[in-house]
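J.: Take this structure first; my questions come after.
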Amino acid sequence: MKLNTDMTVNRITDEIWEIPISEKPGMLVPARIYATQEILQAMDSGVFDQVTNVACLPGISRYALCMPDGHWGYGFPIGGVAAFDVRDGVISPGGVGYDINCGMRLIRTDLTLEDVQPRLERLMTELFRKVPAGVGASGFVRLSGEEFGRVMTDGAKWCVERGYGWHRDLIRMEEGGCIEGADPASVTDHAVKRGINQLGTLGSGNHYLEVQVVSNDRIFDPATAAAFGITGNEQIVVMVHCGSRGFGHQVASDYLKVFEKSMRRYGISVKDQQLACAPFRSPEGQEYFSAMNCAANTAFANRQVITHQIREAFETVFGQSAETLGMELVYDVAHNIAKVERYPEGDLLVHRKGATRAFGPGSAELPEPFRQTGQPVICGGSMETGSYLLVGTDRAVSDTFGSTMHGAGRTMSRAQAKRTVRGAELQQQMKQRGILVKAVSMSGLAEEAGLAYKDISEVVESVDRAGITKKVAELRPIGNIKG
Amino acid sequence: MAWSFQFLEEIALADIAFEAEGESVEEVFRGATQALLESMANPSTVSDGWERAIERSDTDQSALLFDWLSELVYWKDAAGVVFREAPLTLRQEGEVWLLHARLIGAPVDYQTQELHADVKGVTKHLYELKQTGSRWSVRVVLDV
Numbered sequence: 006m007k008l009n010t011d012m013t014v015n016r017i018t019d020e021i022w023e024i025p026i027s028e029k030p031g032m033l034v035p036a037r038i039y040a041t042q043e044i045l046q047a048m049d050s051g052v053f054d055q056v057t058n059v060a061c062l063p064g065i066s067r068y069a070l071c072m073p074d075g076h077w078g079y080g081f082p083i084g085g086v087a088a089f090d091v092r093d094g095v096i097s098p099g100g101v102g103y104d105i106n107c108g109m110r111l112i113r114t115d116l117t118l119e120d121v122q123p124r125l126e127r128l129m130t131e132l133f134r135k136v137p138a139g140v141g142a143s144g145f146v147r148l149s150g151e152e153f154g155r156v157m158t159d160g161a162k163w164c165v166e167r168g169y170g171w172h173r174d175l176i177r178m179e180e181g182g183c184i185e186g187a188d189p190a191s192v193t194d195h196a197v198k199r200g201i202n203q204l205g206t207l208g209s210g211n212h213y214l215e216v217q218v219v220s221n222d223r224i225f226d227p228a229t230a231a232a233f234g235i236t237g238n239e240q241i242v243v244m245v246h247c248g249s250r251g252f253g254h255q256v257a258s259d260y261l262k263v264f265e266k267s268m269r270r271y272g273i274s275v276k277d278q279q280l281a282c283a284p285f286r287s288p289e290g291q292e293y294f295s296a297m298n299c300a301a302n303t304a305f306a307n308r309q310v311i312t313h314q315i316r317e318a319f320e321t322v323f324g325q326s327a328e329t330l331g332m333e334l335v336y337d338v339a340h341n342i343a344k345v346e347r348y349p350e351g352d353l354l355v356h357r358k359g360a361t362r363a364f365g366p367g368s369a370e371l372p373e374p375f376r377q378t379g380q381p382v383i384c385g386g387s388m389e390t391g392s393y394l395l396v397g398t399d400r401a402v403s404d405t406f407g408s409t410m411h412g413a414g415r416t417m418s419r420a421q422a423k424r425t426v427r428g429a430e431l432q433q434q435m436k437q438r439g440i441l442v443k444a445v446s447m448s449g450l451a452e453e454a455g456l457a458y459k460d461i462s463e464v465v466e467s468v469d470r471a472g473i474t475k476k477v478a479e480l481r482p483i484g485n486i487k488g
Numbered sequence: 029m030a031w032s033f034q035f036l037e038e039i040a041l042a043d044i045a046f047e048a049e050g051e052s053v054e055e056v057f058r059g060a061t062q063a064l065l066e067s068m069a070n071p072s073t074v075s076d077g078w079e080r081a082i083e084r085s086d087t088d089q090s091a092l093l094f095d096w097l098s099e100l101v102y103w104k105d106a107a108g109v110v111f112r113e114a115p116l117t118l119r120q121e122g123e124v125w126l127l128h129a130r131l132i133g134a135p136v137d138y139q140t141q142e143l144h145a146d147v148k149g150v151t152k153h154l155y156e157l158k159q160t161g162s163r164w165s166v167r168v169v170l171d172v
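Keeping their order, the protein sequence lines are chains P and U.
Adding 5 to a residue's 1-based position in the first sequence gives its number in the numbering used here.
Adding 28 to a residue's 1-based position in the second sequence gives its number in the numbering used here.
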């Protein structure tokens, strides 16, 4: 088997591959990659190098993991998962990512393709108008410094209290959309100034808002789908992918700088500057954890304000209230975050970077609607191919620190994608295939062409076969908004 | 022009990487600044209604350049602007390097400006400012 690495990679099962600790000096645990053989062979060399770098970090537990959508990232690979003992392990911004609590949200409706198709152009125009996207976009919510502090501590709860959403939305978010232990004092003034005007904005890059259809023949688990509010029959749903915007990036940048200096004091050396870290229990580690939680709550709030705007856009176009249209939240999941969770080893700080929590039905942490089913897992594909709704399993909890994939994973550089396809042509081609795209930047659109990504269906198959999530439904795009 | 830059494709699959070169450290600062400006927008499509004077100092040239580039990204979000130009001078006083710069640009306008990537951060991945013979160069990876 030819791989993009010289390291020994042993087959554990058809979907699990292990790099033993003998392959790199300093590895404390083996590295495990979840992938089919085909996906493993296509993985870039950065994945193998970076996941084994992570395996060298102090206090790491069991394995350094990489999901099948893994590719090169900063410090950790995208798709990386690692858990550290809270007593003697570290916390690393490189294990969370710059876009703290970048995540996915799915909103269901009672509308069908037949209802939406005649008004799709108007709907996309209205959504594009109401949800700012792209470089320098600012949102409609104007906040004082004090109010922004409340957003940091209360997350989506703050939004609901201000009328941007419904109380019942909160139960359908990871951590109820509000993570405890977020102290605005741990955040720099720079970060506040970068983020204070960005609430309710989509951003750019691979962030998007997508109107999708669920057909009966693409529902794989009807009972779980029904429990999540997914009924098929060409049902319309709306997916949102975005995070904490400039605020989260500034928090990450600020603390990477802090950790670079403090590592010497704690006697920590890392294989890559982007893995800068601090002991979790150290003052620096706790301050970053608090600042990261501020950014995570801001990301929940960002997606909540966007949800409010989406509901208003649908109300305008269809002349009915969002409640009448059945626009309930299916779920909101983070895929760039570090959280303390309990496993047989004890309390562990689980870093997920481009990886999603995937708790199964046995998890006491899940709220009532998901105790019987497991939590929804939302995975975004490319804007041309489609996305998936999955469900977490107890196997994920036992094998992967309750984690699974988050998306398709990129395989082509942005520049190469732009050389291969022109944005305006792509927009036209997609329109002919029934996908209406509104984009702020045509070059940005070309960069996100489907050909730049892995086949998400194959990625999904590998986690389904490994048993760490199960397929519920495939979601087909008909309208997309990009920054 | 005593500086140049080129975008590097194979370094950061999902992001933007570039290498800037110059005949002096000051010139490499200029080359890297221009590469960052062009990553965010076509500078020739941006007017000049917004301006900020920036002064920074550091004993480490590499850290100073990193902070300066990060400052550009900060103002893009904090002021909601993109940039037309950023003239700068760099001089040394004893151990300390002093950067004097002006950021010139305008609020983001989708109608008139050719906007490129929303750069989110300057990263330390493969970041290196070095001198080879009489040439200086820096490699920078931007998170977008």
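We put the beta carbon where it would ideally sit given N, CA and C, even for glycine.
1) With DSSP as the reference, identify every bridge partner of P/Pro482, one or two as the case may be.
2) Going by C-alpha to C-alpha distance, which of U/Val172, U/Leu170, U/Leu65, U/Arg163 sits closest to U/Trp31?
3) Give the straight-line distance between the Cα atoms of P/Gly407 and P/Asn58, rounded to the nearest whole angstrom.
4) Given that a residue counts as buried once 16 or more other Cβ atoms are within 10 Å of its Cβ, and exposed if not, what is U/Val124?
5) I need the DSSP call for P/Ala138, collapsed to helix, strand or coil.
6) Based on the DSSP output, what are the partners of P/Asn341 in its beta bridges?
7) Could you name the residues of the same chain whose beta carbon sits closer than 7 Å to that of P/Val464, not counting the 5 residues immediately before and after it, in chain order?
8) Report the residue ranges of all alpha helix (DSSP H) runs contained in full by the region 404 to 474 of chain P; include only those spanning at least 4 residues, in chain order.
9) By how many angstroms is the C-alpha of P/Leu395 removed from the C-alpha of U/Arg84?
10) If we cut at 7 Å on Cβ distances, does U/Leu170 have a partner in chain P?
11) Buried or exposed for P/Gly139, going by 16 or more other Cβ atoms inside 10 Å?
12) Name the residues in the region 201 to 223 of chain P whose C-beta lies less than 8 Å from a C-beta of chain U; which are they?
13) With a threshold of 7 Å between beta carbons, is P/Val140 in contact with chain U?
14) Touch check for the region 325 to 335 of chain P and the region 192 to 204 of chain P: three-plus C-beta pairs under 8 Å?
15) When you compare the CB of P/Arg199 with every CB in chain U, is at least one pair closer than 7 Å?
16) Let me confirm a value: U/Gln120 is counted as buried when at least 16 other C-beta atoms fall within 10 Å, else exposed. Which label applies?
17) Would you kindly check if the distance between the Cβ of P/Arg124 and the Cβ of P/Val445 is under 7 Å?
18) Check the C-beta distance from P/Thr474 over to P/Thr398 and give it rounded, since I have them as a contact under 8 Å.
19) May I ask you to report which of helix, strand or coil DSSP gives P/Trp163?
20) Check whether chain U comes within 7 Å of P/Gly144, counting only Cβ atoms and requiring the distance to be less than that.
21) Under DSSP, the beta strand (DSSP E) around U/Lys158 begins and ends at which residues?
22) State buried or exposed for P/Asn307, treating a residue as buried only when at least 16 other CB atoms are found within 10 Å of its CB.
23) For U/Ile132, which residues in chain P fall below 7 Å Cβ to Cβ?
24) Could you tell me the boundaries of the alpha helix (DSSP H) in which P/Gly251 lies?
25) Among P/Gly154, P/Leu371, P/Ile461, P/Gln46, whose alpha-carbon lies nearest the alpha-carbon of P/Leu175?
26) Helix or strand or just coil, what does DSSP make of P/Asn58?
27) Fully enclosed by the region 8 to 87 of chain P, which alpha helix (DSSP H) runs are 4 residues long or longer?
28) Is there a Cβ from chain P that is less than 7 Å from the Cβ of U/Glu156?
29) Over what stretch of residues does the beta strand (DSSP E) that includes P/Gln240 continue unbroken?
30) Are there three or more Cβ pairs, one per stretch, closer than 8 Å when the region 249 to 263 of chain P is compared with the region 195 to 211 of chain P?
31) Using 7 Å as the threshold, is the C-beta distance between U/Leu116 and U/Phe57 below it?
32) Taking just the CA atoms, how far does P/Ala228 sit from U/Val147?
33) Between which two residues does the alpha helix (DSSP H) harbouring U/Gln34 extend?
34) If we count the other Cβ atoms within 10 Å of its Cβ and call it buried at 16 or more, is P/Pro288 buried or exposed?
35) Write down every uninterrupted run of the beta strand (DSSP E) in the region 54 to 93 of chain U whose length is 3 residues or greater and which is fully enclosed by it, in chain order.
36) What is the DSSP secondary structure of P/Gln278, counted as helix, strand or coil?
T.: Considering the structure as presented:
1) P/Gln217
2) U/Arg163
3) Rounded to the nearest whole angstrom, the C-alpha separation of P/Gly407 and P/Asn58 is 22 Å.
4) exposed
5) Coil.
6) Looking at the DSSP assignment, P/Asn341 forms a beta bridge with P/Lys358.
7) Ile44, Pro73, Asp74, Met410, Ala413, Gly414
8) 419 to 425, 428 to 437, 447 to 452, 461 to 471
9) If you take the alpha carbons of U/Arg84 and P/Leu395, they lie about 49 Å apart.
10) no
11) So P/Gly139 counts as buried.
12) Asn202, Gln203, Gly208, Ser209, Gly210, Asn211
13) Yes, because at least one Cβ of chain U sits closer than 7 Å to the Cβ of P/Val140.
14) no
15) yes
16) exposed
17) no
18) 6 Å
19) Looking at P/Trp163 - three-state DSSP - the assignment turns out to be helix.
20) no
21) 149 to 160
22) buried
23) Under the 7 Å cutoff, chain P gives no residues; its nearest Cβ is about 16 Å from U/Ile132.
24) 250 to 270
25) Closest by alpha carbon: P/Leu371.
26) helix
27) 42 to 47, 50 to 59
28) At a cut-off of 7 Å between beta-carbon atoms, U/Glu156 makes no contact with chain P.
29) Here the beta strand (DSSP E) through P/Gln240 covers 240 to 247.
30) The answer is yes - the region 195 to 211 of chain P touches the region 249 to 263 of chain P, with three or more Cβ pairs under 8 Å.
31) U/Leu116 places its beta carbon less than 7 Å from that of U/Phe57.
32) 43 Å
33) That residue, U/Gln34, is in no alpha helix (DSSP H); its beta strand (DSSP E) goes 31 to 36.
34) Classification for P/Pro288: exposed.
35) Qualifying beta strand (DSSP E) stretches, in chain order: 78 to 86.
36) helix
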